[in-house]
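Working notes, beginning with the structure itself.
Residue numbers (my numbering): 4 to 254.
Next comes the structure, spelled out in structure tokens:
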């Protein structure tokens, strides 16, 4: 667990961790509420087992690797109020996680940042979860199961949001947009503003109030998807195409 014992907010400083060593192979990293952590130099270890983030973590360089193939990984999560920033030159790999990675906080991949999920289960945005890919690169490959990215849980709720701005996003399997309030808004949404999104089937699916759940394509974005499904939708929901191109194998 993080305790900032050395008081320098640096991930790689041994004295900032309760085990007096930065997380390594088979070790889980837990960063509690109110803590700010900076990853400024590549870690010495090849990887660590799992990340449970309730504070703020900035990835500013490469070789930040979470590998769930080691012993007893904790389910990785970014909690409510927490922020994970992958900044310029930040390179993060999430590998071999058999449990869903849950996001109720905020994930930012900024210009020059790179985030890759590989051989792992889905990324699920719970109620209030936010993903911003702003000029960065986000890849999900060899995903375990049928869906790679879930934006919001099914049912009557305030949903979650993902925004890809001038980004390169490659998602190998299905993307689901779910969740909406009884009044229609707020509701879950995926907004693509410029850049490129390549994904499997994109599905707007909710069995209660999904009339405002939406995919917004603008800013000259290009979206290539294996298929598009919208179970229900009102005038503010479904696919909202303003300035961009959507290519899909079905209607």
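No residue lacks a Cβ here, since even glycine has one placed at the ideal position from N, Cα and C.
From residue 66 to residue 43, what distance separates their C-alpha atoms?
-> If you take the alpha carbons of residue 66 and residue 43, they lie about 11 Å apart.
Give the C-beta separation of residue 19 and residue 52 to the nearest angstrom, bearing in mind that I take them to be a contact with Cβ-Cβ under 8 Å.
-> About 18 Å separates the two Cβ atoms, so there is no contact after all.
If you follow the beta strand (DSSP E) that residue 220 is part of, which residue opens it and which one closes it?
-> Residue range 217-221 is occupied by the beta strand (DSSP E) that includes residue 220.
Start-to-end residues for the beta strand (DSSP E) that takes in residue 244 | In this chain, the beta strand (DSSP E) harbouring residue 244 covers 241-244.
Can you give the Cα-Cα distance for residue 7 and residue 84, rounded to whole angstroms?
-> 19 Å
Alpha carbon to alpha carbon, what distance is there between residue 54 and residue 79?
-> 5 Å
Helix, strand or coil: how does DSSP classify residue 17 here?
-> helix
How about residue 204 and residue 232: do their beta carbons lie closer than 8 Å?
-> yes
Straight-line CA distance for residue 33 to residue 4?
-> 5 Å
In terms of residues, what are the limits of the beta strand (DSSP E) holding residue 130?
-> Element bounds for residue 130: n/a, residue is neither H nor E.
Tell me which same chain residues have a C-beta within less than 6 Å of the C-beta of residue 126, skipping the five on either side of it?
-> For residue 126, where only same-chain residues beyond five positions count, the Cβ hits under 6 Å are 104, 152.
Residue 50 vs residue 21 beta-carbon contact at 8 Å | no
Buried or exposed: which applies to residue 181, given that a residue is buried once 16 or more other Cβ atoms fall within 10 Å of its Cβ?
-> By the 10 Å Cβ count, residue 181 comes out buried.
Tell me where the beta strand (DSSP E) around residue 82 begins and ends.
-> Looking at the DSSP string, residue 82 is not in any beta strand (DSSP E), and its letter there is neither H nor E.
Decide if residue 145 is buried, meaning its Cβ has at least 16 other Cβ atoms within 10 Å, or exposed.
-> exposed
Straight-line gap, residue 29 to residue 68 (C-alpha atoms, nearest Å) | For residue 29 and residue 68, the distance between alpha carbons rounds to 12 Å.
Residue 133 to residue 61 span [Cα, whole Å] = 16 Å
Under a three-way DSSP split, which group does residue 109 fall into?
-> strand
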